[in-house]
Structure formats: C-alpha cells, structure tokens
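Top to bottom, those sequences are chains A and B. Just so you know, the numbering used here puts the end of the first sequence at 373, numbered straight through with nothing missing. Just so you know, the numbering used here puts the end of the second sequence at 373, numbered straight through with nothing missing. The structure appears below as structure tokens.
There are 2 protein chains.
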Amino acid sequence: MKFVIDMMGGDSGIEATIGATKEFIKRHPNVELFLIGDLNALETFKNHNNIHLVESKTVLKMDVDPLTALKEKDSSLMVAIETYLANNCDCLISAGSTGALLSAAIFKIKRIPGITRPCLITSFPTIKKNKKFVVCDLGANNSNTKEELLQFAKMGSIYYSIVYQEENPKVYLLSNGTEEEKGSPVSKEAYPLLKDCKSINFKGNIEARDPLYGDIDVLVSDGYTGNIFLKSVEGTAKVMSKMIKDAFKKNVLTMIGYLFSKKGINEIKEKMDYKNVGGALLMGVNGVVIKAHGSSDVRSFLSALENGYKLVEVDIVNKFKKELA
Amino acid sequence: MKFVIDMMGGDSGIEATIGATKEFIKRHPNVELFLIGDLNALETFKNHNNIHLVESKTVLKMDVDPLTALKEKDSSLMVAIETYLANNCDCLISAGSTGALLSAAIFKIKRIPGITRPCLITSFPTIKKNKKFVVCDLGANNSNTKEELLQFAKMGSIYYSIVYQEENPKVYLLSNGTEEEKGSPVSKEAYPLLKDCKSINFKGNIEARDPLYGDIDVLVSDGYTGNIFLKSVEGTAKVMSKMIKDAFKKNVLTMIGYLFSKKGINEIKEKMDYKNVGGALLMGVNGVVIKAHGSSDVRSFLSALENGYKLVEVDIVNKFKKELA
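Okay, structure coming up:
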C-alpha cells in the first residue's frame, strides 16, 4: 500500500501531520509513505524504512482560487498529486483547501467515467451502538443539479454497502419536511429521480433533526446544505461536550459525581467528537483521495489516515467502478 | 392584551394546548383569550373570566397546500385569523402548518409596508450564560433572493435590538466558509448588499459550527438552509441529552454520579431543549403571529405563549414599523 501525505496543508501546522504520521507508521509499518513538505521540518523521518521525503516549496492558502492552485506547481498539494501519479499510489491525504484539492484531483487524477461531480462523503455517529450513517455531499460542491443529487445517492449507497457490508442501504434526501412536496428547489426536482431509480433503496425525505437517531444509512444533500448540516452537528456536539465538562467542574460535589460517571460521559464525548470522524473521501475521482479536516490536530489527521487505510483495504475504487458498470 | 390561540393545530393534540393555556392563564390572568377549537374539548374553559371560546369545525393537515388552507374557512387556523382581525387582537399563536399560517397571515393580516417576504425568527441558546442569538429565516421561505436576505438582516437586527436592548447587534451571514467569496449562490450575491447596508452592523460570513459559542447576535440565512440549521442543532442537542441520560442509568455507580452532578447536567439539558425555545415570530406581518413547534407539548406551547406575551409587551410591531420608516 502506497500513501502520499500532504504534510503542509491544514491550519494546525506541520506538528499535527508529523505526530499523526508517526503513530500511523507504528500501526502500519508496511505502508510505503511519500511525505510532501519542507525537508527540514520532515527531518525526523529521514533514513526511515518505507518513507520517501519529497520537497515542496510553497503552501496553498486555504482560500486559494482553484485555478491559481493548479498553476502553483511547487505547492505541497500539487507536488503530492504529481507524486501520487508518478508512483502509482493508492491514497492521497491533505488537510488543505477543499476547493484546491477537488480541482487538482479532478484535473490530474481524473473522474471515474460516468461521474459528473465528485462528492465528499464521510460517516456520522448515531445514538445507536456501532451504527453509523454517511452523508454526501459534505461540501465538494456549492450548488447542484437534480442529476448530480441522483449520482450522490448512488455513490452514497455504494459507499455504504462496501464499507458497512449492508446490501440494500436506506437512502434519504435531506429536506425541510418529510412530505414528498417539501424541499429546496433542487431537492424537489431530485425527489422523483431518486424515487424511480432502481439501483437504490430510496425511502423519501428526512428532516435534519432525525438522522442521528440511527435509522438511516445514507443522507443525500447538495454540497452547500450538506456542509451546513455537518458543521451544525459538529458545533452543537462540541458546545454540549464543553458544557458537560464545565458542569462537572463546578464544585467538589460535581467533581465527585464526575468520578462515578466519567466512563460513560467520556464515551459520549469521544463518540460525538468530529476529530474522530476521519476526514471525507472525495468519491467519484479515480483514487482514494481524502480531505482531512482543515483544522486537523494529531488525532483528527490520524483518523483521516486510518480512514484512507480502511478504504484502500476494501478496494473501494475498483468495487465502485464495478458497481457502476 | 388580547390573544387568539389555535387550540387544534399541532401534532400532539389538544391536551398540549389546553395544558399550556391553563398555566398561561395562571401566570397572566389579565390577558383576554380567544380559544379556537372544538367546543366540547374546550369545555374546561367554560365560564372562565377573560376567555372566549370560538368554535372551529375542521383542522388543517400539516401538509395542506397553502391555497387550499385559505379556502377552508371552518378550520381552526382560518377561524383564528378571522377572530384576530374582528377583535383587534395583539397576538395569534398556532402550532399548525407553517405554510398555511404564513399564507393566511400574509393574505389576511397583511405584510408591513415595504416587506417583501416575512421570515420566521427565534432565539437560540449559546454556551455563554444568558447570551442568545437570533436566526432568520428559519423556514418561512423555501428559497430567497439577495434582496430578501438583506431584508432578513434588517429584520433580525431590529428584532435583536428591541428584544435584547442591544444598540448595534452583530449580524452574520450563514455560509460554508468565513471568506467573503464563500457561500451558496444567493448568499454570495447578498454579501455585498449586507456589507454596504448602513443600518446594520454586518460582520461577514460565519460557518454553521460557530454561532453557539455566543459571539454573534443575528444569523441571516435563506429559509431552507436556516431550517436545516435549526433542526440539525435541535436534533444533535436532543440526541446528546438522551445519551447523557443513558450514561447515568448504566449502573449503581453512575447513578450515584448522577446524584452529585444532576443540577448542572439538568441545566444543560434545559438550556439546549428546543421545547423551551418558544416558537418563532413571523416577522414582517402586521401583528404578532407566532408559529409554535409542530410537535409542541405543554411546555413547548407554553414557551410560545410566553414568547408572544413578551413580544406584545415590548410592542415589537410598532417599534419595527418606526425603525423601518
């Protein structure tokens, strides 16, 4: 297995990607790594078995224009993409700009034939033990057509069935009401296409308050709304975890209370912490390209690496192509 | 103060509205109430000072078409609207269909001159003590133009300054990134209008994960995305509260832990429970029209009544008209 890691993208600096990479090597010593970045900063990996250091001179800004990004050949992202192609790698991971990663991946690694627009897809925790659902698109796109929503539904369905070995995943369309006639202009147009599509198990509209209960498998949305959903859930979970922490710190009695209940409470925090979510797969391009959280810390970037490992292991791209054919 | 209450709308049945109304009467014995509904079911209010019972024969379905709704003159909502107008009331509250309430209010109570599209607005809790922010539009509209987003920004700003006595509230636009060029097609168009508007204190874009930290006053969004935001936050908060409850129930030790920490934990649940949110004001129509949560229970409907009381007390409609002029 060959991984390319953009060590420089992301808001949290190279310490986060270095820390995560070190832990990843321990866990998976047989993976061959191409680490892209400032060679001085990466010196700690020198003379390491299975690791190639590749120099990049610049770092793309998070708000870079995608076309500008493509021209900046010395940037860590563009060097990563070229390294990926030159070495026939299995997985590319970056915490850099979503727009730049998306356009570089589409332009260089190319889309899988038949796919109009790739989407970002990842798993969400639910209240049920070990039950997750996936959401697509989480923000690779800014606005979408009904045909693109249909493709997202198919991609999400295939992703879920491969990753969770579920034959006939339940697909829902994110909406402002459960009735068929509810929705945004584009989701209303997409509804009949999803309903008529024989390759997915479409169950109708679902409101944003319900997916976390764990009764659905795939949540389909345009990229803009999917991004709002992702970040609303993430933000609320983070704020509530902080509130719980503060509530236990109040006085000696609450601290005693914490001692008795911390196991369960920490499990909740852990489960709902989006640092553990593992980045999102850019589904529809011809390779395993993972977008890690822009503000990835060690744990978060490590989850993205682990997610990439798992997706390469299940051979997601080839299985996806076979399903499409 | 004169209130009209649609006792029949809502999914939870008339028990919820009756329970809430009884408590509301205790708290505010001087408010004159017009209760609309099935007279047999409302018998408990018979011969009560300050209460008028008005019969309605049908109940609109939650998914009723707004035009059909307008024609169903015997429905509790349409009787409520006529009662409101005939008695020159101050406030109308319904937990029925949003679309029907919106179109009936616009058609019968009318918009305030200058307002193109009313919006649903309500307050959200934050991690900071006693600090709230408001969101508009929460779902009165399904898609909006840039000019409508500008009007929402103005309405939200005026609402916040009246309700929270804050002179220059900080207005943000909900977006998928903080940079100026981020956003949905319509929010990108709206950005320069908000930036150039001298009557609001526009601070730029904000991502959906950040408002709950309590540093903003007004969050502006198109109605569809605002509805997704509302329900994502609501759903996540509810699921996490349930998880916490379950964690404490695990065994004797965790139950002891709960005894020591329950005050703080219950405060969090209380704060983040959207049953306490109090319904949303349909801002921009010429009266205090409150949309209560469709699945309102006693507590939730009571919050909506209290919210209406507060908004009438601060004379929101006349103050809003003055600000607009």
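Virtual Cβ for every residue (Gly too), placed ideally from N, Cα, C.
Discussion item. Here's the rule: buried if 16 or more other CB atoms are within 10 angstroms of the residue's CB, otherwise exposed. What is B/ALA352?
Written reply: buried
Fill in: Cβ-based burial, B/GLY271 [other Cβ within 10 Å; buried from 16]
buried
Worksheet entry | Residue of A/HIS341, A/ILE248, A/ARG347 and A/SER348 minimising C-alpha distance to A/LEU267 | A/ILE248
Worksheet item: So, is B/ARG165 buried or exposed, given that buried needs 16 or more other C-beta atoms within 10 angstroms?
Response: buried
Practice prompt. State buried or exposed for B/ASP265, treating a residue as buried only when at least 16 other CB atoms are found within 10 Å of its CB.
Written response: buried
Practice prompt. Report the three-state DSSP secondary structure of B/THR146 (helix, strand or coil).
Written response: helix
Worksheet entry | Check whether B/ILE129 and B/LYS156 have beta carbons under 7 Å apart | yes
Worksheet item: Among B/VAL79, B/MET56, B/GLN213 and B/SER289, which residue has its Cα nearest to the Cα of B/ASP86?
Response: B/MET56
Item to complete: Look at A/VAL333 and A/LEU140 and say whether their C-beta atoms are less than 7 Å apart.
Response: no
Discussion item. Under 8 Å, with one C-beta from each stretch per pair, do the stretch 134-154 of chain B and the stretch 291-303 of chain B reach the 3-pair mark?
Written reply: no
Fill in: Spatial distance of A/GLU354 from A/LYS109 (CA atoms)
25 Å
Item to complete: Answer yes or no: do A/MET49 and A/ASP138 have a C-beta to C-beta separation smaller than 7 Å?
Response: yes
Worksheet item: A/PHE277 touches chain B at which residues, Cβ-Cβ below 7 Å?
Response: ILE276 and SER280
Practice prompt. Verify the CB distance criterion: does A/THR116 have a CB-CB separation below 7 Å to chain B?
Written response: no
Fill in: Proximal chain B residues relative to A/MET126, where beta-carbon distance stays under 8 Å
Correct list: empty, because the minimum Cβ distance to chain B is about 21 Å.
Worksheet item: Using 8 Å as the threshold, is the stretch 339-352 of chain B in touch with the stretch 67-84 of chain B, meaning 3 or more CB pairs across them?
Response: yes
Item to complete: Locate the beta strand (DSSP E) running through B/GLU80, then write down its first and last residues.
Response: 80-85
Worksheet item: What did DSSP end up calling A/ASN275 once you bin it into helix, strand or coil?
Response: helix
Worksheet item: Do the CB positions of B/VAL287 and A/ILE175 come within less than 7 Å of each other?
Response: yes
Practice prompt. Taking C-beta pairs closer than 9 Å, name the residues in chain B that A/LEU222 reaches, listed in chain order.
Written response: ILE276
Practice prompt. Return the CA-CA distance between A/THR163 and A/ALA201, expressed in angstroms with no decimal places.
Written response: The question names Thr, yet the displayed sequence has Ile at residue 163 of chain A. Cα to Cα, A/ILE163 sits roughly 12 Å from A/ALA201.
Worksheet item: In this structure, does DSSP put B/PRO22 in helix, strand or coil?
Response: No statement about residue 22 of chain B is possible, as the shown extent of chain B runs from 49 to 373 and does not include it.
Worksheet entry | Contact belief for B/ALA256 with A/SER280 at Cβ below 8 Å, rounded distance in angstroms | 4 Å
Item to complete: Starting from B/ASN95, find everything on chain A with Cβ-Cβ shorter than 8 Å and list it in chain order.
Response: Chain A residues near B/ASN95: none, gap ~40 Å exceeds 8 Å.
Fill in: CB contact check: A/SER232 to chain B, cutoff 7 Å
yes
Worksheet item: In or out: B/LEU307 buried (at least 16 other Cβ within 10 Å) or exposed?
Response: exposed
Discussion item. For B/LEU81, which residues in the same chain have their Cβ closer than 6 Å to its Cβ, ignoring the five residues on either side in sequence?
Written reply: PHE51 and ILE99
Worksheet item: Between the stretch 339-364 of chain B and chain A, which residues of the former have a C-beta closer than 8 Å to a C-beta of the latter?
Response: none
Worksheet entry | Sequence ranges, alpha helix (DSSP H) only - wholly within the stretch 173-240 of chain A, length at least 4 | 194-212
Worksheet item: For B/MET291, is the classification buried or exposed, using 16 other Cβ atoms within 10 angstroms of its Cβ as the cut-off for buried?
Response: buried
Practice prompt. Just tell me which of A/GLN199, A/ILE316, A/LYS236 and A/SER142 has its CA closest to the CA of A/GLU371.
Written response: A/GLN199
Practice prompt. Name, please, each residue of chain B whose Cβ falls closer than 8 Å to the Cβ of A/SER191.
Written response: SER232 and PRO233
Worksheet item: When the Cα of A/ILE254 is compared with those of A/TYR208, A/ALA340, A/LYS218 and A/GLU237, which residue comes out closest?
Response: A/LYS218
Item to complete: List the DSSP bridge partners of B/GLY252.
Response: B/TYR220
Worksheet entry | Neighbour list for A/THR302 in chain B, Cβ cutoff strictly below 7 Å | PHE308, SER309 and GLY312
Worksheet item: For the stretch 249-260 of chain A, which residues have a CB atom closer than 7 Å to at least one CB atom of chain B, in sequence order?
Response: GLU255, ALA256, ARG257, ASP258 and LEU260
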